[in-house]
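In what follows, a single structure is set out as structure tokens and then discussed.
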């Protein structure tokens, strides 16, 4: 269908982009107001002593004379590291990496009191690998950053065997419910990025996508709870950024993984990295064939005035499907100051499900008023592709000053069709029907970023334009008994055209004094909305402007601990999944649909944290958030006694919580990590002119234990427990998750064989959602297979040395839910 609004007046928008860029340029500082400081910095480059190639992701610890760790860093792609704003005292620099002999240097303050350049530090290879537990003690799993925390996946031995979804279960502040739906700080409204960029692979069916990706190709997982101004403002809970690792000398390296689950089916994935001089390429992809075992659903509802009750029992024997994805990244170093990089990706998923239901409705006399059976078939297809191009320019006399220009286009589609057959009808005259909904989302992005470091201040500024076009074409066909054909019902069919454009400017500043850091910034966003119901001829136009502040403070101490404080505002800007007015009528007693009239929600977030790491690590945190006009999923009963689920801007909420994470190597073979969060939530809102309120405790806890035996055998045990969740009209039940895994490494640790069982004591899980309102009570009990067995083979090949270059700045469309 045509999307005229999406393509119109592009010239005008480009002009506006140029004006934004000029404004951003005017906000840049011109010259450094440096002045003599009683502080100094330590820097160096780490290289292999034989090949003379830089070594990335090497651990560098800075200790005081008493051998206490003061700071810890990891070398960059070019092998460099730097410690800044050090007091006037001597330090010990220790450099260590698996497969190399450690190197330690005593460093005294330079006479200039400005900079101490250690030059090139060469590490010597050793025929005997370093003790792994010792290295893990030096490289903490969790590191506190000024605006969040990061989880070092490469320091976790489970990264060789787990898929990315199961690895996320171990990350602090991240939890997963029984249906593998991810939450950040107990909030399902967050943004997830891949290497700092949005991806269509992660926009549809997130859990399935992460389940097909391997964890051994991941460097770290960043949890950003106080996102700085350079990030788009969407995501109430914050941002999860998955950072992959691509290292190779001239030549190639890669990995492959094959796995089988009795609950999800077989899957395979792999990655290859190739580098030849200035040119680098990374390819990773995977696929799966799914045949999930069946589920059962029991639905009961009772309306008080007038009295009636209905009950539904449904089951599906199995759901089948398949999925695949391919990601390609290219880079070319024009010279030492100019880099061009590009990405391209494709993904698709298909799911088919057959469902059988029996429905009974009782009237005021408690006798059967209606009964019938439904056989329904659901086909669900998603496709997505992305392409981006990034250019990065450095400055000859200012190594850390960067200018980046980026372009990105992505397109994704969702095709959903239902066929519902009605059988054994009693007092029910609904005939068979079909529903089809095709929704498409297109996005074009232009972005400029500039980084200008000063002596004590790092300045970032930029401009961005996002042009979004969304379409939803839905059709309802009713079977005509007289003509024996399906005929389109125009009253239940329509074309929905939704266009959203965002124009943004940002400016952020990070100041560092000794061990104190301050990062503050402002982001200005102008949003325009133009929506049209093409078939009915109605339209919707809205414009709004948001000025989003963010501030984060960090105080580091000599005992390798720190205190963090942060505040920011975040926006929940509804996406096409919440706005789409398509009415899903596959269940005749309960309809669900989106709301094109939804408004954005502004949330206020406060964070306070404490962290310390030496042999182990501990992170503690307090948070408070509140919002008005929140988007709440509500259920109402219409005059036709049909339940309807829709999202509306009707609520207020407040959430105060605390979190803890702890990792500790008890012995050289036994390690423990614990994490958890508890919070108290308050919800208020009005539904059908009636006031609703609910409150309660939310929380979860995770425990992971691992023991390494002789001859490269390893056993791990995990357990998670989750409290009931609270909604405006009711709550869900509590549940737990457990797993036991065994791993064996072969062929000099290049081949890893693993097996695991999840939820060995619980074959089925019942997810119960209970609503209690003045007019009706409703209980939904969804029972699924919960116990599962998994086996996997992981094989790595090639050498890992210098890294493929990639842009330090790129497009991050992290604003949309």
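In the numbering used here, the protein residues as written are 563 to 1379.
Heads up, the beta-carbon is just placed ideally off N, CA and C, and yes, glycines get one too.
(1) Any chance the stretch 954-965 sits against the stretch 747-754, with 3 or more Cβ pairs inside 8 Å?
(2) Determine contact between the stretch 1036-1051 and the stretch 1078-1093, defined as no fewer than three beta-carbon pairs at a distance below 8 Å.
(3) Where does residue 1228 sit, in a helix, a strand or coil, going by DSSP?
(4) Given a cut-off of 9 Å on the beta-carbon distance, is the pair residue 986 and residue 934 in contact?
(5) Beta-carbon within less than 6 Å of residue 1268's beta-carbon, same chain only, minus the 5 sequence neighbours each way: which residues are those?
(6) Alpha helix (DSSP H) containing residue 664: first to last residue?
(7) Using beta carbons (cut-off 9 Å, strictly below), is residue 645 in contact with chain C?
(8) When you compare only the Cα positions, how much space is there between residue 1273 and residue 660?
(9) Under DSSP, the alpha helix (DSSP H) around residue 770 begins and ends at which residues?
(10) Pick helix, strand or coil for residue 1021, following the three-state DSSP scheme.
(11) Please report the distance separating the alpha-carbon of residue 614 from that of residue 683.
(12) Which of helix, strand or coil does DSSP assign to residue 1092?
(13) Name the two residues that bound the continuous alpha helix (DSSP H) containing residue 728.
(14) Suppose the cutoff is 6 Å on Cβ atoms and the five residues either side in sequence are ignored; what does the same chain contact list for residue 975 look like?
(15) Is the CB-CB distance between residue 1094 and residue 1062 below 9 Å?
(16) Do you know offhand how far residue 789's Cα is from residue 995's?
(17) Just the Cα atoms here: how many angstroms apart are residue 1220 and residue 957?
(18) Straight-line CA distance for residue 697 to residue 654?
(19) Do residue 923 and residue 1151 count as a contact pair if the criterion is CB distance below 9 Å?
(20) Determine the direct distance from the alpha carbon of residue 1122 to that of residue 1175, and round the result to whole angstroms.
(21) When we look at the beta-carbon of residue 1201 and count the other beta-carbons within 10 Å, is it buried (16 or more) or exposed?
(22) Less than 9 Å between the beta carbons of residue 1173 and residue 1160, yes or no?
(23) When DSSP labels each residue in this structure, what does residue 1037 get in the three-state scheme?
(24) Could you name each continuous alpha helix (DSSP H) segment of 4 residues or more that falls completely within the stretch 848-913, going from the start of the chain to the end?
(25) Excluding sequence positions up to five away, which residues of its chain have a Cβ less than 6 Å from the Cβ of residue 1185?
(26) According to DSSP, residue 1183 sits in a beta bridge with which residue or residues?
(27) Distance, Cα to Cα, residue 1236 vs residue 1262?
(28) What residue range is occupied by the uninterrupted beta strand (DSSP E) comprising residue 1162?
(29) Measure from the alpha carbon of residue 755 to the alpha carbon of each residue in 978, 805, 791 and 1112, then state which is nearest.
(30) Quick check: the stretch 765-784 against the stretch 623-635, are at least 3 beta-carbon pairs closer than 8 Å?
(31) Look at the alpha carbon of residue 576 and the alpha carbon of residue 965, and state the distance between them as a whole number of angstroms.
(32) If I measure Cβ to Cβ from residue 692 and keep anything under 6 Å in the same chain, skipping five residues before and after, which residues do I get?
(33) Which word fits residue 1259, buried or exposed, when buried means at least 16 other C-beta atoms lie within 10 angstroms of its C-beta?
(34) Just to confirm, are residue 1350 and residue 824 a CB contact at a threshold of 9 Å?
(35) Identify, in the order they occur along the chain, each residue of the same chain with its Cβ nearer than 7 Å to the Cβ of residue 584, setting aside the five sequence neighbours on each side.
(36) Please return the same chain residues whose Cβ sits closer than 6 Å to the Cβ of residue 951, not counting the five positions on each side in sequence.
Walking through what the data contain:
(1) These segments do not touch.
(2) In short, these stretches do not touch, since the Cβ pair count stays below three.
(3) Residue 1228 falls in the coil class under three-state DSSP.
(4) Yes.
(5) Annotation for residue 1268: 1233 and 1278 place their beta carbon closer than 6 Å to its own, counting only its chain and skipping 5 residues before and after.
(6) If you look at residue 664, you'll find it isn't in any alpha helix (DSSP H); DSSP assigns it neither H nor E.
(7) Given the protein chain composition of this structure (a single chain), no chain C is represented.
(8) Those two C-alpha atoms are separated by around 18 Å.
(9) 768-773
(10) Strand.
(11) Using only the alpha carbons, I get a separation of about 10 Å.
(12) strand
(13) 726-730
(14) 945 and 1002
(15) no
(16) 47 Å
(17) Residue 1220 and residue 957 have their alpha carbons spaced roughly 44 Å apart.
(18) Note that residue 697 scores 37 on pLDDT, short of 50, meaning its location in the model is unreliable; the coordinates nonetheless yield the value given after this. Going by the C-alpha atoms only, they are around 17 Å apart.
(19) yes
(20) 6 Å
(21) Classification for residue 1201: exposed.
(22) No, the pair does not count as a contact, with Cβ atoms beyond the cut-off.
(23) strand
(24) Qualifying alpha helix (DSSP H) stretches: none in this window.
(25) 1169 and 1219
(26) 1171 and 1221
(27) 11 Å
(28) Residue 1162 -> no beta strand (DSSP E), and no H or E assigned at all.
(29) 805
(30) no
(31) Per-residue confidence for residue 576 stands at a pLDDT of 43, beneath the threshold of 50, marking its modelled position as unreliable; no derived number is given.
(32) Confidence at residue 692 is low in this model, with a pLDDT of 37, below 50, so the placement of that residue is unreliable and no value is reported for it.
(33) exposed
(34) yes
(35) With a pLDDT of 41 at residue 584, under the threshold of 50, the modelled position of this residue cannot be trusted; read the value that follows with caution. None.
(36) 904 and 969
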